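Chains as they are written, first to last, in UniProt numbering: chain A, 1 to 202; chain B, 1 to 202.
Notes to accompany the following structure.
Protein chains: 2
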Amino acid sequence: MARWQPDARGRLEAAAFELFRERGFEQTTVADIAARASLDKRTFYRLFGDKREALFSGSGRVEEVLVRAVTETDAGPFEAVVAAFRRVAEELFADRLELVRARQAIIESSPELQERELRKSGSLAAAVTAALRARGLDETTATLATESGATVFRVAFARWIAPDSDAPLSDLIAEVAAELRAITSAPNALTSAGPDEPSRRW
Amino acid sequence: MARWQPDARGRLEAAAFELFRERGFEQTTVADIAARASLDKRTFYRLFGDKREALFSGSGRVEEVLVRAVTETDAGPFEAVVAAFRRVAEELFADRLELVRARQAIIESSPELQERELRKSGSLAAAVTAALRARGLDETTATLATESGATVFRVAFARWIAPDSDAPLSDLIAEVAAELRAITSAPNALTSAGPDEPSRRW
DNA sequence: ACGGTCATGTCGCAAAGTGACATCGGCACT
DNA sequence: AGTGCCGATGTCACTTTGCGACATGACCGT
Numbered sequence: 001m002a003r004w005q006p007d008a009r010g011r012l013e014a015a016a017f018e019l020f021r022e023r024g025f026e027q028t029t030v031a032d033i034a035a036r037a038s039l040d041k042r043t044f045y046r047l048f049g050d051k052r053e054a055l056f057s058g059s060g061r062v063e064e065v066l067v068r069a070v071t072e073t074d075a076g077p078f079e080a081v082v083a084a085f086r087r088v089a090e091e092l093f094a095d096r097l098e099l100v101r102a103r104q105a106i107i108e109s110s111p112e113l114q115e116r117e118l119r120k121s122g123s124l125a126a127a128v129t130a131a132l133r134a135r136g137l138d139e140t141t142a143t144l145a146t147e148s149g150a151t152v153f154r155v156a157f158a159r160w161i162a163p164d165s166d167a168p169l170s171d172l173i174a175e176v177a178a179e180l181r182a183i184t185s186a187p188n189a190l191t192s193a194g195p196d197e198p199s200r201r202w
Numbered sequence: 001m002a003r004w005q006p007d008a009r010g011r012l013e014a015a016a017f018e019l020f021r022e023r024g025f026e027q028t029t030v031a032d033i034a035a036r037a038s039l040d041k042r043t044f045y046r047l048f049g050d051k052r053e054a055l056f057s058g059s060g061r062v063e064e065v066l067v068r069a070v071t072e073t074d075a076g077p078f079e080a081v082v083a084a085f086r087r088v089a090e091e092l093f094a095d096r097l098e099l100v101r102a103r104q105a106i107i108e109s110s111p112e113l114q115e116r117e118l119r120k121s122g123s124l125a126a127a128v129t130a131a132l133r134a135r136g137l138d139e140t141t142a143t144l145a146t147e148s149g150a151t152v153f154r155v156a157f158a159r160w161i162a163p164d165s166d167a168p169l170s171d172l173i174a175e176v177a178a179e180l181r182a183i184t185s186a187p188n189a190l191t192s193a194g195p196d197e198p199s200r201r202w
């Protein structure tokens with residue numbers, strides 16, 4: 001028997017991605033995934049904690065880039081986090097709009113996957129906060145900077161994958177960061193702040 | 001047979017809470033919960049979508065208070081959200097520190113429950129954002145205000161349930177909100193800009 | 001060739017959910 | 001009271017998840 005399959009993990013990820021697109025997440029069985037990759041269900045569970053994990057293998061790389069970027073700068077906490085997310089946008093997301101859209105569509109179709117994504121984001125945030133603390137910041141400051149930066153990223157990301165969007169994610173992040181500043185620093189603005197001038201490289 | 005149980009839902013919630021505390025979430029079976037409430041497993045699934053939901057029945061009330069508070073004020077978006085969370089703190093959390101601590105301990109013991117809590121928070125946030133939009137704010141402003149306010153709440157909440165804490169949650173929220181302002185309002189220039197080769201496979 | 005180790009397959013099982021159907025209790029209406 | 005309907009609950013059977021235990025085949029160093 002073909003014991004020793006090259007890149008079993010990668011093949012399972014690919015099979016899962018295809019099947020989730022074809023039939024949807026809930027209509028896809030782990031046995032289906034394994035079958036398409038010519039592997040056994042049990043093998044799947046040895047490589048992935050559960051069915052959802054097959055979609056989230058990339059989060060490790062995101063964490064790497066994020067932590068490295070935050071560690072290697074000496075900008076203010078919030079600025080550092082925003083810059084780190086822009087790094088991620090440039091290194092990991094640019095050029096992959098369609099792939100990211102497809103993946104996001106799958107996630108949004110299933111509550112289970114949404115939950116998992118939230119958890120992944122949470123652990124990413126924890127790692128960034130830890131990196132900030134390693135720079136000497138106190139817990140509260142580090143957490144607030146991380147969460148604010150993550151919020152900026154989420155909003156910018158949503159705009160990026162919107163069907164009519166074409167601006168680079170990195171630019172969108174910079175714009176949204178500026179908007180956040182406007183909101184939190186002016187304790188009386190009753191109405192919204194219009195789309196400000198996109199701050200370039202600052 | 002005893003068809004017709006008074007307050008089946010409440011009894012199942014109580015039974016679940018007890019069992020989760022006694023044996024932990026994963027070691028508790030839905031059949032166990034139902035048995036303690038003298039009901040059938042199938043009945044549990046008619047009242048709750050899944051095992052986790054038994055712990056999250058309170059989120060409905062939180063949403064009510066939040067949305068009402070945000071709707072009935074004309075303060076700036078961020079201020080309105082912070083004030084709304086303070087309302088929640090006063091009306092729903094004050095006087096229940098020990099209960100909340102126990103509940104939080106259960107949640108933190110199980111990744112599954114953490115995911116569910118994240119999702120609940122997310123749908124709460126969506127409701128608040130919608131309420132802000134109903135006041136005429138644009139999507140981005142509403143989202144940023146909601147998320148920032150939620151972050152403030154999370155940080156304050158963590159302090160509140162910390163073992164050595166004794167300040168009222170509502171006060172902690174006000175303090176943390178001030179700290180967030182301090183962080184985001186001082187734009188401190190400095191980019192990341194590192195020559196790095198892009199990694200593959202997000 | 002030998003033994004060890006690692007990746008994979010096979011088998012079986014507890015628990016999560018769910019659909020279909022049965023049953024009981026109260027309720028309205030005669 | 002009698003009848004009949006409806007909603008809440010129980011029962012059964014089933015699919016899927018996820019995992020433990022064990023078997024087996026492939027590769028590796030000696």
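Each residue gets a CB set at the ideal place from its N, CA and C atoms; glycine is no exception.
These figures come from a predicted structure and were not determined experimentally.
- Against chain A, the CB of residue 118 of chain B has a partner CB under 8 Å away; the residue lies at that interface.
- At least one CB of chain A lies nearer than 8 Å to the CB of residue 122 of chain B.
- Comparing C-alpha distances from residue 60 of chain B to each of B:136, B:127, B:139, B:184 shows the shortest one belongs to B:127.
- Annotated three-state conformation of residue 37 of chain B is coil, per DSSP.
- When the Cα atoms are used, residue 136 of chain A and residue 78 of chain B turn out to be separated by approximately 28 Å.
- Remark: C-beta atoms of residue 102 of chain A and residue 23 of chain A do not approach each other more closely than 8 Å.
- For residue 181 of chain B, a Cβ of chain A is located within less than 8 Å of the residue's own Cβ.
- Below the 8 Å Cβ cutoff, chain B contributes 140, 144 as neighbours of residue 176 of chain A, in chain order.
- Judged by beta-carbon spacing, residue 73 of chain A lies within the 8 Å limit of residue 83 of chain A, meaning their Cβ atoms are closer than that value.
- Taking C-beta separations shorter than 6 Å and ignoring five residues to either side along the sequence, the partners of residue 80 of chain B in its chain run 70, 73, following chain order.
- Nearest CB-CB separation between residue 148 of chain B and chain A: below the 8 Å threshold.
- Neighbourhood of residue 77 of chain A in chain B, by CB distance below 7 Å: 183, in chain order.
- Not one beta carbon of chain A lies nearer than 8 Å to the beta carbon of residue 81 of chain B.
- Cβ-Cβ separation between residue 97 of chain B and residue 179 of chain A: approximately 36 Å, too far for a contact (criterion under 8 Å).
- A contact is defined here as three or more CB-CB pairs under 8 Å, and the stretch 166-176 of chain A fails this definition with respect to the stretch 150-167 of chain B.
- In chain order, 140, 143, 144 make up the part of chain B whose C-beta sits under 7 Å from the C-beta of residue 155 of chain A.
- Residue burial is scored here from C-beta neighbours: residue 29 of chain A has fewer than 16 other C-beta atoms within 10 angstroms and is therefore classed as exposed.
- Counting only unbroken stretches of 4 or more residues, the alpha helix (DSSP H) elements lying wholly within the UniProt domain "HTH tetR-type" (6-66) of chain A are 8-23, 30-36, 41-47, in sequence order.
- Sixteen is the threshold: since fewer than 16 other Cβ atoms of the shown chains lie within 10 Å of the Cβ of residue 41 of chain A, the residue is exposed.
- Leaving aside the five residues that flank residue 47 of chain B on each side, the residues in its chain whose CB is nearer than 8 Å to its CB run, in chain order, 8, 9, 12.
- In the DSSP annotation of this structure, the continuous segment of the alpha helix (DSSP H) that includes residue 149 of chain B starts and ends at 139-161.
- When Cβ-Cβ separations below 8 Å define contact, residue 28 of chain A makes no contact with chain B.
- Residue 113 of chain A and residue 121 of chain B have their C-alpha atoms roughly 15 Å apart.
- The beta carbons of residue 147 of chain A and residue 125 of chain A sit about 7 Å from each other, so the pair counts as a contact at 8 Å.
- Rounded to whole angstroms, the Cβ separation of residue 110 of chain A and residue 25 of chain A is 4 Å, and the two are in contact under 8 Å.
- Out of B:50, B:17, B:49, the CA that lies nearest to the CA of residue 36 of chain B is found in B:17.
- Burial of residue 115 of chain A is indicated by the presence of at least 16 other C-beta atoms within 10 angstroms of its C-beta.
- Taking a 10 Å sphere around the C-beta of residue 68 of chain B, we find fewer than 16 other C-beta atoms and assign the residue as exposed.
- Each of A:150, A:104, A:134, A:132 was checked against the Cα of residue 55 of chain A, and the nearest Cα belongs to A:104.
- Burial is judged here by how many other beta carbons sit within 10 angstroms of a residue's own beta carbon; residue 99 of chain B has fewer than 16 and is exposed.
- Interface annotation, residue 114 of chain A: in contact with chain B, CB-CB separation under 8 Å.
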